[in-house]
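Here's the structure we're looking at; comments come further down.
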Amino acid sequence: MILFKKATELSEYLDAQRKNGNTLGFCPTMGALHAGHISLIESSKKSNDLTVSSIFVNPAQFNNAQDFEKYPHTIERDIEMLELAACDILFIPTVKEIYPEGFAHLKNYELGFIETVLEGKFRPGHYQGVCMIMERLLKIVLPQNLYLGQKDYQQCMVIKKLIELIQLDNRIKTNICPTLRENDGLAMSSRNLRLTHEERKKADSIFKALSFIHTNFEAGNIEVLKQNAMLMLKESGFTVDYVEIADASSLEEIKIWNGEQKPVVLIAAFLNEVRLIDNLILN
Ligand code: PAF
């Protein structure tokens, strides 16, 4: 695996690779890698000549300073895992390299409705920060294929929208890879490393609540399902930001399901200081 720290060096190297006819797959990460990230690398390796990954804990996308400070860093282990997965190229820039002018004055991306709900509502500014870093990374790497995890369902929609806004949609295909889960159903996430032993035992309630909605989902009024799922989470010690059932392609809330729309159920909840998110496509 070749390591790059400088954006210009990486893009020159990748330009040469493209000229040689090599296709590029890109898996951006914030490190603290787990099997979910490695599954993105594996998907990329199946369809591209070269797989590029990046590790950058993007300060511009944290709306909560404490969350940023406590974000897990496991760089040596991450590099070993990427080597083992035969990732070809790794980009590890510094904050200065990515934001030479700082990131106080963010460009404004017109994301529309998807930025006003769920994560957009509960983490103001978060998606602007995600767009900022993703525009920078995508323009450096210019991959044919981008790989993202379904666990961050709304983020996948936001990044697809960004790719349209920056007019790279005819060059970059976004591939959404399934969420990987621990044996008890907990979605793999870098933030799981922050859970104490006691919290980890309770954390499977998110998947239980999602599965409860999945099993009992039927046409008609679905409000009571959400209320019950919320109760399950609260009883396990979670503070709930939302349990929402929404149209899978627009994220507009569904109150009464007509039996035809494709819905997704999304949850965000805190176990003490750690905020976890997850989702399941219904029907
Ligand atoms: O999902 C993540 O790890 C990050 O939000 C991403 C897409 C790498 C941008 O910083």
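So the sequence shown is numbered by the working numbering: it starts at 1 and just counts up by one. Cβ coordinates follow ideal geometry from the N, Cα and C atoms, glycine included.
Practice item. Taking only heavy atoms of the ligand PAF into account, decide whether any of them is closer than 6 Å to the Cβ of Pro28. Key: yes
**Study point:** Range of the contiguous alpha helix (DSSP H) that encloses Tyr13
**Key:** Run containing Tyr13: 7-19, per the alpha helix (DSSP H) assignment.
Check your understanding: Say the cut is 6 Å; is the CB of Asn175 nearer than that to a heavy atom of the ligand PAF?
Key -> no
Review point. If we count the other Cβ atoms within 10 Å of its Cβ and call it buried at 16 or more, is Thr29 buried or exposed?
Key: buried
Practice item. Specify the secondary structure class of Ala35 as computed by DSSP and reduced to three states. Key: helix
Check your understanding: Per the contact definition of three or more C-beta pairs closer than 8 Å, is the stretch 174-182 in contact with the stretch 132-151?
Key -> yes
Exercise for review: Using 10 angstroms around the beta-carbon of Asp184, count the other beta-carbons present and answer buried if the total reaches 16, otherwise exposed.
Suggested key: exposed
Check your understanding: Quick one: is Asp88 buried, meaning 16 or more other Cβ sit within 10 Å of its Cβ, or exposed?
Key -> buried
Exercise for review: Please name the residue in Ile267, Ile38, Ala32 whose C-alpha comes closest to that of Gln227.
Suggested key: Ile267
Check your understanding: In this structure, does DSSP put Ile254 in helix, strand or coil?
Key -> coil
Review point. Below 8 Å, can you find three or more Cβ-Cβ pairs linking the stretch 47-66 to the stretch 206-220?
Key: no
Review point. Are the Cβ atoms of Gly36 and Asp78 separated by less than 7 Å?
Key: no
Check your understanding: Three or more beta-carbon pairs under 8 Å between the stretch 94-114 and the stretch 130-140, yes or no?
Key -> Contact holds: three or more Cβ-Cβ distances are below 8 Å.
**Study point:** Residue range of the alpha helix (DSSP H) that includes Ser205
**Key:** Segment 205-216, the alpha helix (DSSP H) holding Ser205.
Check your understanding: Do Arg191 and Val284 come within 7 Å of each other at the CB atom, strictly closer than that value?
Key -> Outside the shown range of the chain, which is 1 to 283, sits residue 284, and nothing can be said about it.
Practice item. Pull up the distance between the alpha-carbon of Met157 and that of Ile75, whole angstroms please. Key: Spanning the two alpha carbons is a distance of roughly 28 Å.
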